[in-house]
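Numbering (the working numbering) for the sequence shown: 13 to 182.
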Amino acid sequence: MSLPTVDLAYGALGLAVIALIFGIWGLAAASRVKRRYLRVFGDEKPQNVEALIAALHERVDAAVDRFDAFGARLDTVETKAGQAINRVGLVRFNPFMDTGSDLSFSAALLNDHGDGLVLTSLWGRDEVRLYAKPVESHESRYVLSQEEKQALDMARNVRGSQPIASKSQA
(Lines of atoms letter the chains of each structure in order from A; the text may use other names.)
(Lines give C-alpha, C1' and ligand atoms only; values in the text may rest on other atoms or scores of the structure.)
Protein backbone atom coordinates (compact mmCIF):
# COMPACT_ATOMS: atom_id res chain seq x y z
CA MET A 13 0.00 0.00 0.00
CA SER A 14 1.11 3.42 -0.72
CA LEU A 15 1.30 6.23 1.73
CA PRO A 16 -1.77 8.15 0.50
CA THR A 17 -3.88 4.99 0.72
CA VAL A 18 -2.81 4.38 4.32
CA ASP A 19 -3.58 7.98 5.23
CA LEU A 20 -6.93 7.66 3.54
CA ALA A 21 -7.68 4.42 5.49
CA TYR A 22 -6.70 6.06 8.81
CA GLY A 23 -8.83 9.06 7.98
CA ALA A 24 -11.82 6.85 7.18
CA LEU A 25 -11.24 4.89 10.41
CA GLY A 26 -11.09 8.17 12.38
CA LEU A 27 -14.34 9.37 10.78
CA ALA A 28 -15.98 6.01 11.59
CA VAL A 29 -14.90 6.28 15.25
CA ILE A 30 -16.23 9.85 15.45
CA ALA A 31 -19.52 8.75 13.82
CA LEU A 32 -19.77 5.88 16.31
CA ILE A 33 -19.22 8.27 19.26
CA PHE A 34 -21.89 10.64 17.93
CA GLY A 35 -24.24 7.69 17.38
CA ILE A 36 -23.81 6.49 20.99
CA TRP A 37 -24.24 10.05 22.26
CA GLY A 38 -27.42 10.41 20.16
CA LEU A 39 -28.86 7.14 21.53
CA ALA A 40 -28.13 8.26 25.12
CA ALA A 41 -29.78 11.63 24.46
CA ALA A 42 -32.82 9.93 22.94
CA SER A 43 -33.04 7.63 25.97
CA ARG A 44 -32.95 10.65 28.33
CA VAL A 45 -35.68 12.37 26.31
CA LYS A 46 -37.82 9.20 26.39
CA ARG A 47 -37.42 8.90 30.19
CA ARG A 48 -38.41 12.55 30.61
CA TYR A 49 -41.36 12.07 28.28
CA LEU A 50 -42.57 9.04 30.23
CA ARG A 51 -42.09 10.88 33.55
CA VAL A 52 -44.20 13.81 32.33
CA PHE A 53 -46.82 12.06 30.21
CA GLY A 54 -46.84 8.49 31.58
CA ASP A 55 -47.44 5.43 29.42
CA GLU A 56 -50.35 6.97 27.55
CA LYS A 57 -50.09 6.87 23.80
CA PRO A 58 -52.00 9.93 22.61
CA GLN A 59 -52.67 10.77 19.02
CA ASN A 60 -50.61 13.91 19.42
CA VAL A 61 -48.77 15.87 22.09
CA GLU A 62 -51.37 18.67 22.05
CA ALA A 63 -54.13 16.24 23.07
CA LEU A 64 -51.91 14.87 25.83
CA ILE A 65 -51.13 18.34 27.17
CA ALA A 66 -54.83 19.26 27.10
CA ALA A 67 -55.68 16.07 29.05
CA LEU A 68 -52.95 16.86 31.60
CA HIS A 69 -54.26 20.41 31.92
CA GLU A 70 -57.75 19.05 32.70
CA ARG A 71 -56.29 16.71 35.34
CA VAL A 72 -54.36 19.58 36.95
CA ASP A 73 -57.54 21.71 37.04
CA ALA A 74 -59.44 18.85 38.69
CA ALA A 75 -56.64 18.42 41.24
CA VAL A 76 -56.67 22.15 42.05
CA ASP A 77 -60.46 22.04 42.52
CA ARG A 78 -60.13 19.07 44.92
CA PHE A 79 -57.34 20.84 46.80
CA ASP A 80 -59.54 23.93 47.22
CA ALA A 81 -62.42 21.76 48.45
CA PHE A 82 -60.14 20.07 50.98
CA GLY A 83 -58.96 23.48 52.17
CA ALA A 84 -62.54 24.61 52.77
CA ARG A 85 -63.32 21.37 54.63
CA LEU A 86 -60.19 21.80 56.75
CA ASP A 87 -61.27 25.32 57.72
CA THR A 88 -64.66 23.93 58.81
CA VAL A 89 -63.05 21.14 60.82
CA GLU A 90 -60.64 23.55 62.54
CA THR A 91 -63.54 25.86 63.47
CA LYS A 92 -65.58 23.00 64.90
CA ALA A 93 -62.57 21.54 66.72
CA GLY A 94 -62.05 24.85 68.52
CA GLN A 95 -65.64 24.67 69.79
CA ALA A 96 -65.39 21.06 71.01
CA ILE A 97 -64.83 20.22 74.67
CA ASN A 98 -61.16 19.30 74.78
CA ARG A 99 -59.92 20.70 78.08
CA VAL A 100 -60.89 18.85 81.22
CA GLY A 101 -59.90 19.42 84.83
CA LEU A 102 -61.11 17.10 87.58
CA VAL A 103 -60.77 17.52 91.34
CA ARG A 104 -62.00 14.83 93.71
CA PHE A 105 -62.60 15.82 97.32
CA ASN A 106 -64.37 14.98 100.58
CA PRO A 107 -66.71 17.84 101.58
CA PHE A 108 -68.02 16.28 104.79
CA MET A 109 -66.19 15.19 107.91
CA ASP A 110 -68.41 12.16 108.53
CA THR A 111 -67.65 10.34 105.26
CA GLY A 112 -64.45 8.53 104.56
CA SER A 113 -63.63 8.91 100.87
CA ASP A 114 -63.27 11.36 97.98
CA LEU A 115 -66.56 10.56 96.25
CA SER A 116 -67.41 14.22 95.52
CA PHE A 117 -65.88 15.98 92.54
CA SER A 118 -65.71 19.16 90.50
CA ALA A 119 -65.10 18.83 86.78
CA ALA A 120 -64.42 21.69 84.40
CA LEU A 121 -65.24 20.93 80.74
CA LEU A 122 -64.01 23.66 78.37
CA ASN A 123 -63.27 24.29 74.71
CA ASP A 124 -60.24 26.16 73.32
CA HIS A 125 -61.95 29.51 73.97
CA GLY A 126 -62.53 28.75 77.65
CA ASP A 127 -66.27 28.24 77.20
CA GLY A 128 -68.06 25.30 78.79
CA LEU A 129 -69.20 24.38 82.28
CA VAL A 130 -68.13 23.36 85.74
CA LEU A 131 -69.98 20.33 87.09
CA THR A 132 -69.86 19.61 90.83
CA SER A 133 -71.23 16.55 92.58
CA LEU A 134 -71.46 16.48 96.39
CA TRP A 135 -71.85 12.96 97.74
CA GLY A 136 -73.28 12.46 101.19
CA ARG A 137 -74.57 9.42 103.08
CA ASP A 138 -78.21 10.28 102.45
CA GLU A 139 -78.12 12.21 99.20
CA VAL A 140 -76.14 13.33 96.21
CA ARG A 141 -76.33 16.86 94.86
CA LEU A 142 -75.26 17.93 91.40
CA TYR A 143 -74.50 21.52 90.38
CA ALA A 144 -73.65 22.90 86.93
CA LYS A 145 -72.29 26.39 86.35
CA PRO A 146 -71.71 27.90 82.90
CA VAL A 147 -68.25 29.22 82.03
CA GLU A 148 -67.40 31.83 79.39
CA SER A 149 -63.80 32.87 78.69
CA HIS A 150 -62.58 30.93 81.74
CA GLU A 151 -64.96 32.86 84.03
CA SER A 152 -68.34 32.03 85.56
CA ARG A 153 -70.98 34.53 86.56
CA TYR A 154 -71.69 32.30 89.58
CA VAL A 155 -69.50 32.09 92.65
CA LEU A 156 -67.13 29.14 92.35
CA SER A 157 -65.92 26.99 95.23
CA GLN A 158 -62.22 26.41 95.81
CA GLU A 159 -62.46 22.97 94.14
CA GLU A 160 -64.34 24.39 91.15
CA LYS A 161 -61.68 27.08 90.72
CA GLN A 162 -58.97 24.43 90.93
CA ALA A 163 -60.71 22.28 88.29
CA LEU A 164 -61.13 25.36 86.07
CA ASP A 165 -57.42 26.21 86.41
CA MET A 166 -56.49 22.62 85.58
CA ALA A 167 -58.65 22.66 82.45
CA ARG A 168 -57.16 25.98 81.37
CA ASN A 169 -53.62 24.62 81.69
CA VAL A 170 -54.14 21.26 79.96
CA ARG A 171 -51.31 20.51 77.52
CA GLY A 172 -52.37 17.13 76.14
CA SER A 173 -53.26 14.84 79.02
CA GLN A 174 -56.08 15.56 81.41
CA PRO A 175 -54.82 15.99 84.97
CA ILE A 176 -56.74 14.60 87.93
CA ALA A 177 -56.16 15.88 91.43
CA SER A 178 -57.41 14.55 94.72
CA LYS A 179 -57.83 16.55 97.92
CA SER A 180 -59.03 15.20 101.27
CA GLN A 181 -60.38 17.17 104.18
CA ALA A 182 -59.29 16.10 107.66
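We put the CB at the ideal spot given by N, CA and C, even for glycine. As the structure is a prediction and not an experimental result, all values here were calculated from the model.
Check, Outcome
"Pair within 8 Å by beta-carbon distance, arginine 201 and arginine 168", "Because the chain spans 13 through 182 in this model, residue 201 falls outside it and cannot be assessed."
"Spatial distance of glycine 128 from serine 157 (CA atoms)", "17 Å"
"Aspartate 124 versus alanine 63: straight-line alpha-carbon distance, rounded", "52 Å"
"Inter-stretch contact (C-beta, 8 Å, three-pair minimum) for the stretch 136-144 and the stretch 75-95", "no"
"Asparagine 60 to alanine 40 span [Cα, whole Å]", "24 Å"
"Helix, strand or coil at glycine 136 according to DSSP, with G and I counted as helix", "coil"
"Assumed close pair isoleucine 97, leucine 121 - CB separation to whole angstroms, cut-off 8 Å", "5 Å"
"Within 8 Å, strictly: CB atoms of methionine 166 and glycine 94", "no"
"Where proline 107 sits in the DSSP three-state scheme", "coil"
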